[in-house]
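Have a look at the structure below, then the notes.
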Amino acid sequence: MGEFRMPSLGADMEWGRLVEWLVKPGDRIKRGDIVATVETQKGLFDVEIFEEGVMGEPLVQAGQKVPVGTVLAMIHPEGIPVAVEIVTEVPPAATARIEQPPLETPSAVSAERVACSPSARRLAAELGVNIEEVRGTGPHGAIQRSDVEQAALKRKPAPSAEPAAPAHVETAASATLQQGMRQAIAAAMSRSNREIPHYYLEMEIDMSRPLRWLETENLKRPIRERILPAALLLKAVANALRDVPELNGFWLDDQLQVKPELHIGFAVSLRQGGLITPAIHNVDTLSLSELMQAIGDLIERTRAGRLRSSEVTDTTITVTNLGDLGVKTVYGVIYPPQVALVAFGRIMERPWAEGGMLGVRRCVSATLAADHRATDGRRGSQFLEALNRHLQSPEKL
Amino acid sequence: MSNKELKEIIFIELKKVAPECDPTEVDPEDNIREALDIDSYSFLKLLVGLCDKTGIEIPEADYEKVFTLSGMLRYLSSRVA
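As given, the protein sequences belong to chains S and Y, one line each in that order.
For our numbering, count along the first sequence from 1 and bump the result up by 45.
Take the second sequence: its letter number 17 is residue 11 in our numbering, and every next letter is one higher.
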């Protein structure tokens, strides 16, 4: 029998609020299924399960906030009938750690599932509206986004039918989220700075050849399938990591654990402030077109708050591309327990001396921030050389 | 398609990539990528949106002609049917 626990969605996460169960007791579940939505300081995440079996009774109800590691439900092996028991008491081990939200009535939540669109449920969680108290106006009384917005408005002292009021409600919710995110980033970055002895290496890379290749390639493609330079850079990082694998992994228990999978975290800034670095899985196995699609999908879901738990838990290295902001060089802070971060600045024209000639080339500055406990400068510089080599053969990326 | 209609389309697509902005308040001569903090992914998304509505595919080589609202309007109105 397996235990489904509150996952740690990043080194900085201490607790999570179970917003919604997406499966019922008795449902068959398989590896990779999304079973619940969890809210952390960084927003809402769709949580996947990594076991097969039959879902047991939930031990934690929607609305409850619990520490990372708390058992949320038992997973029963398939074939064995699940005794349908109504859990009225949480096991003592869990009870002590559970923080009951004052306004929730967990027993009522599980008793009757409210017909409600996932997006309305998400909005309710964001605005702090109790979905039980919302009157639905959709088909069969289903709750829609507009109903949630109405409920959020009613909760406030009526601001005399001012049309801008919904914006105020959303601003308040997003201000709380932003504050939480700021704290989460602060905790992870402080830990990084405290624990990780960073070293930095920088290389100026001539991008003329890869960009010319990309421009020719994009001319052949419809606008929707155009590839951005960021995809070239990410793929080249993945290929270079295959040459220098020690930079891809974790520093845990005083030793380096090199990871065979290349799950590259990609820093996505949020328009309202803050950032999330969800992972693109197995970047080395994707073609440039597939990678471009994955990047687009990830950016959209990050900004819409629709990330899956695995995308924020198993990142093996992070890449940040601040080039859009116009800075030339970025010195990154490693996200623990990872051991390296690769950063790119803006691609810009620069004087370039080669073969006794001075010319103008489009260049990018690539910076490696690495954990000196895990690797030395020599390996780091071999990585940057490999990165350059891969970028100069864009047709092989 | 009139200039007024084109302008409306541009504003609608701009709101999709930068929801918090008020396109009417953006200086038509400002670089929108800098003024509205639009990254390269969102800029491509904006162009895809414009292509869906107007049928005009802006090639990469012409990107610098559409970095401002006035430039974008000029570019589209000279090519639209």
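For glycine and all other residues, C-beta sits at the position ideal for the given N, C-alpha and C.
**Asked** Helix, strand or coil: how does DSSP classify Met46 (chain S) here?
**Response** coil
**Rounded straight-line distance, which links the Cα of Val313 (chain S) to that of Lys1 (chain Y)** = 29 angstroms
**Request:** Establish whether the CB of Leu41 (chain Y) and some CB of chain S are separated by less than 8 angstroms.
**Result:** yes
**Request:** Please decide whether Arg254 (chain S) counts as near chain Y, where near means a Cβ-Cβ distance under 8 angstroms.
**Result:** no
**Prompt:** If contact means a Cβ-Cβ distance below 8 angstroms, which residues of the stretch 50 to 73 of chain Y contact chain S?
**Reply:** Glu51, Ile52, Pro53, Glu54 and Ala55
**Item:** Beta-bridge pairing of Met119 (chain S) - partner residues as DSSP gives them
**Value:** S:Glu48
**Request:** Tell me where the beta strand (DSSP E) around Thr412 (chain S) begins and ends.
**Result:** Met402 to Asp416
**Prompt:** If you check the beta carbons only, do Thr330 (chain S) and Thr363 (chain S) fall under 8 angstroms apart?
**Reply:** no
**Validate contact between the stretch 279 to 298 of chain S and the stretch 410 to 426 of chain S using beta carbons, cut 8 angstroms, 3 pairs** = yes
**Item:** Best match in S:Leu63, S:Ala232 and S:Asn263 for proximity to Asp56 (chain Y) [C-alpha to C-alpha]
**Value:** S:Asn263
**Request:** Could you check what DSSP says for Lys110 (chain S) in three-state terms: helix, strand or coil?
**Result:** strand
**Cα-Cα separation between Phe95 (chain S) and Arg346 (chain S), rounded to whole angstroms** = 21 angstroms
**Min CB distance Arg269 (chain S) to chain Y below 8 angstroms** = yes
**Asked** Under the three-state reduction of DSSP, which class applies to Met248 (chain S): helix, strand or coil?
**Response** strand
**Item:** Ser438 (chain S) (DSSP reduced to helix, strand or coil)
**Value:** coil
**Message:** Determine, for Gly422 (chain S), whether the minimum Cβ-Cβ distance to residues of chain Y falls below 8 angstroms.
**Reply:** no
**Ser34 (chain Y) at chain S interface by Cβ criterion, 8 angstroms** = yes
**Prompt:** Using the beta-carbon of each residue, which ones in chain Y are nearer than 7 angstroms to Ala229 (chain S)?
**Reply:** Per Cβ cutoff of 7 angstroms: no residues; Ala229 (chain S) is ~22 angstroms from chain Y at best.
**Message:** Check whether chain S comes within 8 angstroms of Glu7 (chain Y), counting only Cβ atoms and requiring the distance to be less than that.
**Reply:** no
**Request:** For chain S, find out if any of its Cβ atoms is closer than 8 angstroms to the Cβ of Glu19 (chain Y); answer yes or no.
**Result:** no
**Request:** Give a yes or no on contact between the stretch 393 to 401 of chain S and the stretch 60 to 71 of chain Y, applying the rule of three or more CB pairs nearer than 8 angstroms.
**Result:** no
**Asked** Since Leu121 (chain S) and Ala281 (chain S) are thought to touch, with beta carbons under 8 angstroms apart, how far apart are those beta carbons, to the nearest angstrom?
**Response** Inspection of the sequence shows that residue 121 (chain S) is occupied by His rather than by Leu. Not a contact, Cβ separation roughly 46 angstroms.
**Prompt:** Who are the near neighbours of Asp359 (chain S) in its chain, counting only those whose CB is closer than 7 angstroms to its CB and skipping five residues on each side?
**Reply:** His308 and Ala324
**Message:** I'd like to confirm the pairing. Which residues does DSSP put opposite Gly98 (chain S) in its beta bridges?
**Reply:** S:Ile74
**Closer than 8 angstroms to chain Y by CB, Ala275 (chain S)** = yes
**Request:** Quickly, what does DSSP pair Thr361 (chain S) with across the bridge? List them, please.
**Result:** DSSP output for Thr361 (chain S) lists no bridge partner at all.
**Prompt:** In this structure, does DSSP put Thr82 (chain S) in helix, strand or coil?
**Reply:** strand
**Request:** Report the neighbours of Glu(-1) (chain Y) on chain S: residues whose CB is nearer than 7 angstroms to its CB, in chain order.
**Result:** Ordered by position in chain S, no residue passes the 7 angstroms Cβ test against Glu(-1) (chain Y), which lies about 21 angstroms from the chain.
**Contacts of Asp369 (chain S) in chain Y (Cβ-Cβ under 7 angstroms)** = Asp33 and Ser34
**Message:** If we define contact as Cβ-Cβ less than 8 angstroms, is Pro211 (chain S) a contact residue for chain Y?
**Reply:** Note that Pro211 (chain S) has pLDDT 43, beneath the 50 cutoff, so the model's placement of it is unreliable and no number is given.
**Residue nearest to Thr361 (chain S) in terms of C-alpha spacing, selected from S:Ile344, S:Leu403 and S:Gln302** = S:Gln302
**Asked** Can you tell me where the alpha helix (DSSP H) with Met66 (chain Y) in it begins and where it stops?
**Response** Leu63 to Ser71
**Item:** Sequence-distant residues of its chain with Cβ nearer than 7 angstroms to Leu432 (chain S) (five each side left out)
**Value:** Ala281, Val282, Ala285 and Ala411
**Asked** By how many angstroms is the C-alpha of Leu343 (chain S) removed from the C-alpha of Thr140 (chain S)?
**Response** Note that Thr140 (chain S) scores a pLDDT of 40, beneath 50, so its modelled location is shaky; the value from the coordinates is reported in the next line. Taking the straight line from one Cα to the other gives about 37 angstroms.
**Asked** Beta-carbon of Asn263 (chain S) versus every beta-carbon of chain Y: anything under 8 angstroms?
**Response** yes
**Message:** Taking 6 angstroms as the limit between beta carbons, can you name the residues of its chain near Cys15 (chain Y), skipping five residues before and five after?
**Reply:** Leu30
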